[in-house]
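Scroll down for the structure; my scribbles are underneath it.
Protein chains: 2
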Amino acid sequence: MTPEDRALLLDLLTRQRVLALAVLVDGAPSSGLLPFAVLPDFSAALVHASRLARHTAGLIGGAPFSLLIHQPDDGQADPLQLARVTLEGAVEPLERQTAAYEAARHIYLAKFPAAAQTFTLGDFNLYRLPFMRGRFVAGFGRIYNLISDTFKSLAHS
Amino acid sequence: MTPEDRALLLDLLTRQRVLALAVLVDGAPSSGLLPFAVLPDFSAALVHASRLARHTAGLIGGAPFSLLIHQPDDGQADPLQLARVTLEGAVEPLERQTAAYEAARHIYLAKFPAAAQTFTLGDFNLYRLPFMRGRFVAGFGRIYNLISDTFKSLAHS
Numbered sequence: 002m003t004p005e006d007r008a009l010l011l012d013l014l015t016r017q018r019v020l021a022l023a024v025l026v027d028g029a030p031s032s033g034l035l036p037f038a039v040l041p042d043f044s045a046a047l048v049h050a051s052r053l054a055r056h057t058a059g060l061i062g063g064a065p066f067s068l069l070i071h072q073p074d075d076g077q078a079d080p081l082q083l084a085r086v087t088l089e090g091a092v093e094p095l096e097r098q099t100a101a102y103e104a105a106r107h108i109y110l111a112k113f114p115a116a117a118q119t120f121t122l123g124d125f126n127l128y129r130l131p132f133m134r135g136r137f138v139a140g141f142g143r144i145y146n147l148i149s150d151t152f153k154s155l156a157h158s
Numbered sequence: 002m003t004p005e006d007r008a009l010l011l012d013l014l015t016r017q018r019v020l021a022l023a024v025l026v027d028g029a030p031s032s033g034l035l036p037f038a039v040l041p042d043f044s045a046a047l048v049h050a051s052r053l054a055r056h057t058a059g060l061i062g063g064a065p066f067s068l069l070i071h072q073p074d075d076g077q078a079d080p081l082q083l084a085r086v087t088l089e090g091a092v093e094p095l096e097r098q099t100a101a102y103e104a105a106r107h108i109y110l111a112k113f114p115a116a117a118q119t120f121t122l123g124d125f126n127l128y129r130l131p132f133m134r135g136r137f138v139a140g141f142g143r144i145y146n147l148i149s150d151t152f153k154s155l156a157h158s
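If you read the protein sequences in the order shown, they are chains A and B.
Final position of the first sequence in our numbering is 158; the numbers increase by one with none missing.
Final position of the second sequence in our numbering is 158; the numbers increase by one with none missing.
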């Protein structure tokens, strides 16, 4: 990966605020928009979802997910060239009152301080979405398959 | 639906250029970013996808899809309040050299004139994504379930 494209991938993972999450609900794909934060080691995204949202029915331990993060479309450039990354893995719900939950809550709130209020609501839960594999399209002809080593190397760049 | 929210939904369907498409590939959700155009009767979205893209493997006739269209995040507002619509249905690939394909191509190219070149490539195909049901979140507490009658009424507003 070129240094420019690595910077673009880091930018998508850290500066974008929302992702499109696809999970399975009753055997069919279900998608939703969610704010997200990425762990400092780039191993996973964190989402905080309400049990009232339809896609949350697919956020069960071990269930497959596919998430998409992309540059916002400014209406100018060719929409096929928007930088985007798709990441896939298996869902890990985080149990309240565990160290993992508290660490994740801290990371999530560092990005979204205003979300503190939703953490007091009983119907919201935190989910870890570990990156097992992915595909990054930086632009025309700049396409990368991502594996777990790619994410580790991002943390050290 | 309030007139303001109806206008917001029309704006998402007609002025946004890209959608996040979720389909099933090998039993797992697979997501991708695609430019789209909506039919004038608001019955379906059209996407033009390359057979080389992974999510295209899920674009087979009758296969379930879930698509998401949202306001671009400008980094200012609460990301939970971004207007967004999720639409679901079953995929309809369009056969080349049919009247339906030609009509769809015309509508797609009216929105994306620069895509004319990709229509000359053998690996791209047009897909109709009919809206069977959906959910529209216009903002805090402004949530609507959409049924086929909703889409018909949009065409007459």
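The beta carbon of each residue, even a glycine, is placed where N, CA and C say it ideally should be.
Quick caveat: nothing in here was measured; it's all calculated off a predicted structure.
Requested in this report: With 8 Å as the limit, tell me which residues of the stretch 72-83 of chain A have their beta carbon closer than that to any beta carbon of chain B; keep them in chain order.
Outcome: P73, D74, D75, G76, D79, P80, L81, L83
Requested in this report: Taking only beta-carbon positions, decide if P94 (chain A) is within less than 8 Å of chain B.
Outcome: no
Requested in this report: Can you say whether F141 (chain A) is buried or exposed, counting buried as having 16 or more other CB atoms within 10 angstroms of its CB?
Outcome: exposed
Report task. Verify whether the separation of the beta carbon atoms of L155 (chain A) and F66 (chain A) is less than 8 Å. Result -> Result no, Cβ atoms of L155 (chain A) and F66 (chain A) do not sit closer than 8 Å.
Query raised in the report: Given I144 (chain B), which residues of its chain have a CB within under 8 Å of its CB, disregarding the five upstream and five downstream residues?
Result: Taken in chain order, the residues that qualify are R136, F137, V138.
Query raised in the report: According to the neighbour-count rule (16 or more other Cβ atoms, all chains shown, within 10 Å of its Cβ), is H49 (chain A) buried or exposed?
Result: Its Cβ being crowded by 16 or more others within 10 Å, H49 (chain A) is buried.
**Report entry** Cut-off 8 Å between Cβ atoms - residues of its own chain near R55 (chain A), not counting five sequence neighbours on either side
**Finding:** Non-local C-beta neighbours of R55 (chain A) in its own chain, meaning closer than 8 Å and more than five positions away in sequence, comprise V26, S31, G33, ordered along the chain.
Query - Own chain residues within Cβ distance below 8 Å of R52 (chain A), not counting five before or after - result: Only D124, F125, N126 meet the Cβ criterion.
Report task. Measure the C-alpha to C-alpha separation of L110 (chain B) and T121 (chain B) and round it to an integer number of angstroms. Result -> So the alpha carbons of these two residues sit roughly 13 Å apart.
Query - Continuous beta strand (DSSP E) stretch holding P36 (chain B): start and end - result: Unbroken beta strand (DSSP E) run through P36 (chain B): 29-39.
Requested in this report: Evaluate T57 (chain B) with the Cβ neighbour count: other Cβ atoms within 10 Å of its Cβ, from every protein chain shown; 16 or more gives buried, anything less gives exposed.
Outcome: buried
Query - Sequence ranges, beta strand (DSSP E) only - wholly within the stretch 124-157 of chain A, length at least 3 - result: 125-131, 134-140, 143-148
Query raised in the report: Should A29 (chain B) be flagged as near chain A, meaning a C-beta pair shorter than 8 Å?
Result: yes
Query - Neighbouring residues, chain A, relative to A139 (chain B) (Cβ below 7 Å) - result: Residues of chain A passing the Cβ test: none, with the nearest at roughly 13 Å.
Query raised in the report: Which of helix, strand or coil does DSSP assign to F66 (chain A)?
Result: strand
Query raised in the report: Taking DSSP as the reference, what is the three-state secondary structure of R85 (chain B)?
Result: strand
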